[in-house]
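The block underneath contains the structure these notes are about, expressed in structure tokens.
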Amino acid sequence: MSGTLIQTVKEEEETYQIQTLRPKILPNIRFSVCPANEDDLPFLVKMRQDVGIHDVPSSLLSWMKLDPDGIKIAETETGRLIGSCSLVFNGDDDGICFGGIYYVEPKFRRAGLDKM
């Protein structure tokens, strides 16, 4: 299975290293997962546009304020944002949440990031 995950090492909390079967195209990846913040808005807006959703930054900011841990980003050790996913709780005790888009930058697809 070319391009699939062959080893995942969780080195410390929310930091991962992946070895892929495509080392010439995509060598080992070391990345961390953390909550998104305002600095990540340009990436999040572009990511959503890439999949056909045209949000304004203020809507994403509203979700971040509603659930600060709800939108996660994946960032390489060099600071490049390579993915995002979200599960934003509405703030009430009824457990209702919004499951957002799971996105990985095209270059990093089929490398196993979705297995985390």
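Residue numbers 442 to 557, in the working numbering, belong to the letters of the sequence shown in order. Ideal Cβ positions, reconstructed from N, Cα and C, are used throughout, including at glycine. Keep in mind it's a predicted model, so treat the numbers as computed, not measured.
Item: Name the two residues that bound the continuous beta strand (DSSP E) containing F530.; Value: 522-530
Item: Specify, as a first and last residue, the run of the beta strand (DSSP E) that R471 falls within.; Value: 470-476
Item: Return the CA-CA distance between V529 and K548, expressed in angstroms with no decimal places.; Value: 27 Å
Item: Just verifying my parser: in three-state terms, what is the DSSP assignment at G444?; Value: Its pLDDT being 45, under 50, G444 is placed unreliably by the model, and the measurement read from it follows with that caveat. If DSSP states are grouped into helix, strand and coil, G444 belongs with coil.
Item: Start and end of the beta strand (DSSP E) containing K391?; Value: Any property of residue 391 remains undetermined from this structure, which presents the chain solely from 442 to 557.
Item: Please name the residue or residues paired with F539 in a DSSP beta bridge.; Value: V529
Item: Using only alpha-carbon positions, find the residue among S500, H495, E546, G511 that is nearest to S527.; Value: G511
Item: Here's the rule: buried if 16 or more other CB atoms are within 10 angstroms of the residue's CB, otherwise exposed. What is G540?; Value: exposed
Item: Thinking I523 and V545 are a contact (beta carbons under 8 Å), I'd like their distance in whole angstroms, please.; Value: 6 Å
Item: Counting along the chain, where does the alpha helix (DSSP H) carrying P498 start and finish?; Value: 498-507
Item: Between the C-alpha atoms of I514 and D535, what's the straight-line distance to the nearest angstrom?; Value: 26 Å
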